[in-house]
Every structure is written in C-alpha cells, then in structure tokens.
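Protein chains in written order, with our numbering: chain W, 1 to 471; chain D, 1001 to 1496.
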C-alpha cells in the first residue's frame, strides 16, 4: 500500500484523465469545462507532489521507480510550467478552433508520461513514460488537422520520433544484453568493466534522448515542427519534453553509467558544442519567430548540456538552474507571441514586430527584456544562467567548451538584437488587439519581472537547486 | 554599519528611472525636471563623498560588502583616490546631458531619459565595484541602454552603428568573462582587495591579461579595434556621444589600472612593448585619419582614439608621472570631448549638418559659441593652461623616463592634434560666410550657454589648478606603483 501512496501524483493524474474522458464522451459542449478543469487538475497535482516531498530517497516497485528531492523538484517544475502554458494559451486555443475535448486530455497524458520518465529507475519504465509522452505529442502537433503545415509537422515528428525511439530501444536492448538487467542500480553493479556493447547502448540511448531535446545533429525536425504546429503546442514542445528528457539524461548518465564518465563525456561535449554553434548560426536567417525560437532553443539546450558534460554536482545543479530560467524566458516569449493578434488572426513573422514599441510600449519592453535575457546580457536572468554553466565548465578547465560557448552567444546575440531592432528602430505598423485574457497578461508581467529582477536576489531560485545531489 | 553612501549613489538614478517610468510621457516638463533633479542630487552626493573622502590613505573607503550569491560572490563596492574622480566625472556629465536633450531629442523623451539614468547607475557601478563579477555586470549591462540610445535616437545609419557597437563590445567582453571565472577557480575569490593581497600565479597571468585586454581594448578603443567608435559617435544623438566619449571610454582606462595592471603585474610588464606600439599607432595613425575627416563628429571621434592612446601609453609606463598623467588625461578628455560633442550638437540642432564644408564664418553670427569652441579646441590640443596640457605633459614626462624614442614619436601626436583641431576650428568658425542657411542661425540660448560655460570654466580652472584632482589620486597611485614594483620584484627574485 505504501508504494501507491508515494506515486499518488501519477495516480491522481491518471484517474483525472479517465474521468475527463468520460465527461467528454457523455456531456456535449464540455470543451471549455474540460480545459479549465485540467488546469485545476495540474494545480492539484502540483499540491500533491509538493506535499509528497520525501526526506530521503524512496525506491518503489522493485527499485524500478524512485522518488527523491530531485525528481520531486523536476516534477513540480513540469506541473507548474504545464499549468502556465495552458493558462496562457487559452485564448489562442479557443480562437483557432482547436479546443476539442481531446486537446487538454492529451496534454495531461503527455505530462503523465513525463512524470513517469522523470522518476524512472528502470529502462522499461523509462521507455513506457517516454512513449506515453511522445504519442500524445504527435497528436498534438497535428491537432490543427485542416492546416497542411500542422499535419505535415505531426507526421514529420511522428516518423522521426519513431525512428529515434527505435534507436533508443535498440540501445536499451544492448545494455540489457551486456549487463543482464534493465534496472539502473543493477546495471551499475553489473557493468564494472567497460564493455563496448554497453558503450554502444549508451550512445544509442543518447541519440534517442538528444532527439527529444533537439540537440544537434538530431535537431532537423525541430524548426518545421515548431513552425507547423499551433503555437499553443509549440510552447509545449519548447519547454516540457526538454525538461523531462534532460532529467532522464541526468538520471541515466549519472546513475548507472557514472563510472564510464570518460566514455560518454565526449559525446555530450560534441552534442553541446554542435547545438550551441549551430543554433546560433542557423537562427540568423530566419524570418519566422517560431522557427527562430526553435533554433534558439537548440542553442540553449547546448548550454544546458554543457553543464552536464562537466561531471560534477555543481554542473548538474547549474544545468537545472539554466533549465528553469530558460523555461521562464520561453514562457514569457510565447506570451508575447500570443499577444500578436489582430481580429482573431495571429502573427508570427519577424516583420510583424516592426515598430511594435510605438504602438505597444509595454509589450515591446517586456519582449526586449526577454530577448536581451535570451541573448545572455547582464544583469538579466539569462546571463546568470550562462554564468553558472560556465563557472562549472571552467572549474574543470574545459576552456575550449567555454570559449566556443561564449563566442556562440555573441553570434546568437546578433539575431536577438535584430528582433529588438525591428521592434524599436523600424517603422510602425497597424496596432494589435489589446483584449488579452488576464491570465496571459499576468504570466507575461510576472515572468518578465522575474527575468528583470533576478539579479537582486539570485539565491531564491538557487536555493531550490542547491539541495540536489545526484552523484 | 554606516550609511551606504556608495550604494545610494548607484541606486538613486535607477530609482529616478523607475519613477520616470510611471510618469505620463506627455508631461514633458515633469519628466525633465525629475531626471534633472535626480541627477543633480546624485552630483551633490558625489561631491559630498569627495569632501569626506580621506586623501591621506590609499585604502578603499566607504566599503560595503554583503552576501549576494551564497558561497560565491559578495556584493562589494568602495572607492579609492582613483575611482572617486571618475564617479565625480560621471555625476558631473550626466546632468549636462539631461539639460542638453531640450533641443536634440524630439520623440520618446521619457525613454531617453530613463536610458540615460540607467547608464548613470551602471557607470557609477563600474567605477566602484570591488568584485570582478559585480564589475562585469555593470560593465556589460551598459550595452543595453547604449544600444538603444544609438539605435532609437541616432542618425541615418544608426542601425549599423548600434549593431557594430553591441557586437564588438560583447565579443571583447565574453573573453573577459572567461577570465573572471578562471580567476575565481585559480585564486578562490573574485574580491579585488583580496586578489591584490593574494596575487595571481604568474603562469596564468599572460592569458588572463590578454582576455581582459580584449575587452578593454575594444572599449578604450585601441587600434585596430577602434572602428566601432567613429560609427557609434557619428550616429548617436548628442547626449549619447557625450556619454560615450566622456565616460564609457574611461571605463576601459579605469579597468586597465584597476584590473589589468593591478591584478597581473608580471603580464603587464611583459606586454609593455606591445601596448606602446599599438598606442603609438593609435596616436599617429588616428591623428592622420582625423585630419582627413569632413564630418565634425568623426573628427572628434578619431581624436578621442588618439587621446586614449596617450592614456594607455601613460598608464603602462608605470611611473608616477605617467600613471597620474593617464588618469588626469582621462578626466580632462572626459570634460573636453564632452564639451566638443555638445558644441557639435549645438550647430547640428540648428542646421542638421555635421559636414565641415557646410560651415565657415560662424564667428560672424555666433560670437559666444566661437569663443567657447576655441577654449575647447585649445583644451583638446593641450595648450598650457588647460587640462589637456597637464595630462599630456605628465604622460610624456613619464614616457621619457622609459624610452626616449617612444616619447619622441608620441610628441608628434601633440603636433598633429594641434593641426587637426586648429584646422577644424578655422574651417568652421573663420572664413567667409558662404552658406546662406548660416545667416539665420542664432547664437547659444541660455541652457546651451550655461552647459558650455560650465565646461569651459572647469577646463581652464583645473588647467591652472589641478591640485584638487592630483591630491586625491596621488597617494593611491603611489601605493599602486609600490605594490606593482613589489610584486614584480618578488617574481623576478623567484625566477633567478
């Protein structure tokens, strides 16, 4: 019985999903109700999750599932950001005719999958969580099915993701074959000597996970899928799966394969450098904001991976801080995107920002703060995120990684300030609507304020993270 | 704990900016008065700071330190004899900038003044921070408001200039960031005072020095990375040019003293020939380039590069005269170049042309202006009796001690400066009044007159009586050089 108590967040989410499905089937026109209700479910789930926070690590179900401070923190982050995402995309969803009963339920499914992924301590459990998450996301990407771009992006995501899942599964089987277990702890005990089979397995699994976090060279799907999907789904893509997948990478590499650090470090460094540099260069030519943010998120994932390549607890903590700040910046950025609408039509081209500062001074001010922060200019939060990462990187004397990373921030700064240039220096266009929901406005104001004043007391976020002990 | 006077100096302009944010942007007089009031209060506080400053000690004074990022970085600020002068320069120039916006800034005045006040916070922060990370934050943070000042209120090619300014400076600074973090891991702290005591292992110094140099060289600006400066100056609005020339360039010179030389004495000594060579190139080459300009602002911008070449030359002589001269030259250049840019702004507001050929014979229509411009021109070329002379004279004296050849070449720069400045003055003020537009031009109004007179008076006053400045910094400079020589000697002893 006690086992079930500790996974009550997951149980609660599953029961709610079933309950909402029943309501959806039997009650007509219940879309809005289900959407609002699932927001509340996320909040309740968050409350349950925070209440559960265990004093010591707990292993469940024959050690295949674990709950500790780290997983609880990440789960809370996922639940909060899912709630914020749903809240800020409410109007968009309504106005774009994608508010069907399945929409919120699919989001809840993918959240459930992520929670399972984060807590998994076994390759099979991990894979089940990953697929639950991905399957729901395939459908979400293609949710605007009358739109050819949306269908294309759903199909593209599905096919490429299936391929990567196949590679990942093959990696799992290799590891099982060479260590005769799927349990992380048992793998750790069984794989004392370095065997090539296991290294191959690690690489295959990393490929699958790198696909989820859009690390170069497994990023090709990201710009198309980000661009084609409805914006309310893009924001999910940009944030939630990345947090979950990066957590799994941490649990996976720093769990069973900690001893093989020398073997996989090079892979992570390669992914990191590739993502940082490629994301920075490729974004320069983009004309659409969603494609641009796709490349920018590729580059940001490179920085988060740089923190993981270090092999210290500080590195991991700093990566988590990076993720949290990245998440705040991205939610804020997408809030701005949701505000670019005129008569129920949404705009997402760079040129649509032209002269925004004259018509909408506050919106463009917060957008400017967000963009400078994404570019990593002090004293905004984005700078600190990068600063922590490079502190950890330089501690291990990995100067090459640090220099490449920082030079890529200079390149990346170019396209961020180009957007600022468009907003502030160019000629103004027509006004956009002002009738945004209060939730959207609140989220934008709060998140950009956090970005702006983070420097006053950085300890507030850091304290959450400083308790994480993975190694 | 006593009253945190330094923090209030840093914070007050920001609070003013926040206050401006909530004022209706149509209330133009209110906005101007609030920002002027804030900046003048800040100036008075800094003067008070100067009065209670103890000139007989080289220790950092009014130090405030509190935990900022736990177990990592402390917020630490304080002043010594060198930094306090730069703070006063900043707080002195900012009210004048705010006064000058009357005529030059037509749209979005509120945002402009907010940006100026934020710049003031950041610049004061640069000069008093005693922690490398805090310094970096202030140093880099200045990019954002300056980028907007150039980009929003600038001239025709403002976008190009703003981008160039931003990317050049950012590129230089990221290497400094790596060096700052490296210092943290090498020495275990980023506290400047402690780093002075501990010293940094000489085997790392050269690389770290180069990383800091990359940032300061761009900001100074030194040849060959000076190319952003003429563009930025030309396109920026008057107040922006003044900020750039008077204070932003000094951040790098100050950085050389406080960090490059202070933290890495061995490397500084090692790189002296390198600095001398590029300083000389800057002095001679940019002076020649300045001769060829037909744009007034560009000419002054190039002259700034040449003057900053003198500063780096002086600082790296490591003699009492040279370093004092460098500091004095920075203060002097801060006042003189600000005055010159204000003067260009005055005629630009009236005719919307910066081309030298469009002017000529201004003395007939603008007598007051012509007199004041002459003071600034003479100050810029270093006529005895102006602040420019003292700085250059001290620098050349210090350089002669080190190397006759270098000093002789640098002296050529003084002659060239006289050439381009006097030629500029001749072409703008004297000659026939050919341009018909100039006939209707009106002389200085009260605000302009008071700004320029104030600057002219300070140029002449401190030119004849530099003691207030030199008394303030001399003890600090002396100690600075002693520590420098001690560290160098102990290093040489170890290696023998």
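Backbone N, C-alpha and C fix where the C-beta goes; we use that ideal spot for every residue, glycine too.
For residue 391 of chain W, the nearest CB of chain D lies under 8 Å from its own CB, placing it at the interface with that chain. Closer than 7 Å at the C-beta level to chain W, one finds these residues of the segment 1070-1083 of chain D: 1070.
Residue 1064 of chain D has D:1077 as its beta-bridge partners, per DSSP. When C-beta distances to chain D are compared with 8 Å, the residues of the segment 398-410 of chain W below that value are 399, 402, 403, 406, 407, 409 and 410, in chain order. The three-state reading of DSSP puts residue 101 of chain W in coil, since its state is none of H, G, I, E or B.
Closest in C-alpha terms to residue 1088 of chain D, from the list D:1160, D:1128, D:1113 and D:1118, comes D:1128.
For residue 424 of chain W, the closest Cβ of chain D is nearer than 8 Å.
Listed in chain order, the non-local C-beta contacts of residue 447 of chain W below 6 Å within the same chain comprise 328, 331 and 332, local neighbours out to five positions each way being set aside. Under the Cβ criterion (8 Å, minimum of three pairs), the segment 182-190 of chain W does not count as touching the segment 264-279 of chain W. Beta bridge pairing from DSSP links residue 288 of chain W with W:349. Every beta strand (DSSP E) stretch that sits fully inside the segment 1072-1157 of chain D and reaches 3 residues is listed by chain position as 1073-1079. Taking 8 Å as the cut-off, the beta carbon of residue 1117 of chain D is found no closer than this to the beta carbon of residue 1241 of chain D. Straight-line spacing of the CA atoms in residue 1452 of chain D and residue 1236 of chain D works out to 20 Å.
Annotated three-state conformation of residue 66 of chain W is strand, per DSSP. Exclusion of the five residues before and after residue 1037 of chain D leaves no residue of its chain whose Cβ lies closer than 7 Å to its Cβ. Taking C-beta separations shorter than 7 Å and ignoring five residues to either side along the sequence, the partners of residue 143 of chain W in its chain run 98, 103, 150, 230 and 233, following chain order.
When Cβ pairs closer than 8 Å are counted between the two stretches, the segment 1420-1427 of chain D is seen to touch the segment 1353-1367 of chain D, the count reaching three or more. Contact annotation: residue 1226 of chain D and residue 1317 of chain D have beta-carbon atoms that are not nearer than 8 Å. Taking 8 Å as the upper bound for CB-CB distance, residue 121 of chain W and residue 65 of chain W are in contact here, some 6 Å apart.
Beta-bridge pairing by DSSP links residue 342 of chain W to W:345.
Here residue 128 of chain W has 116 as same chain residues with Cβ atoms under 7 Å from its own Cβ, once five neighbours each way along the sequence are excluded. Below the 8 Å Cβ cutoff, chain D contributes 1140, 1141, 1143, 1144 and 1170 as neighbours of residue 377 of chain W, in chain order.
Secondary-structure assignment with DSSP links residue 1355 of chain D through a beta bridge to D:1295.
For residue 372 of chain W, the chain D residues whose C-beta falls within less than 8 Å of its own C-beta are 1144, listed in chain order. Given a length threshold of 4 residues, each whole run of the alpha helix (DSSP H) inside the segment 1381-1417 of chain D is given here in chain order: 1387-1402.
Counting along the chain, residue 60 of chain W sits inside the beta strand (DSSP E) bounded by residues 58-60.
Here residue 1320 of chain D has 1477, 1478 and 1481 as same chain residues with Cβ atoms under 7 Å from its own Cβ, once five neighbours each way along the sequence are excluded. With its beta carbon at least 8 Å from every one in chain D, residue 441 of chain W lies outside the interface.
Going by DSSP, residue 276 of chain W is part of the alpha helix (DSSP H) stretching over 261-282.
When the alpha-carbon of residue 1485 of chain D is set against those of D:1294, D:1275, D:1420 and D:1263, the nearest one is in D:1263. Going by DSSP, residue 1205 of chain D is part of the alpha helix (DSSP H) stretching over 1202-1219.
Within chain W, the C-beta atoms nearer than 9 Å to that of residue 1158 of chain D come from 425, in chain order. Across the structure, residue 436 of chain W and residue 371 of chain W are spaced so that their CA atoms are roughly 21 Å apart. Boundaries of the alpha helix (DSSP H) harbouring residue 418 of chain W: 399-425, taken from the DSSP string. Scanning its chain for C-beta atoms nearer than 8 Å, with the 5 sequence neighbours on each side dropped, one finds around residue 1295 of chain D the residues 1234, 1354, 1355 and 1356, in chain order.
When 8 Å is used as the limit between beta carbons, residue 413 of chain W is near these residues of chain D: 1166, 1167 and 1170, in chain order.
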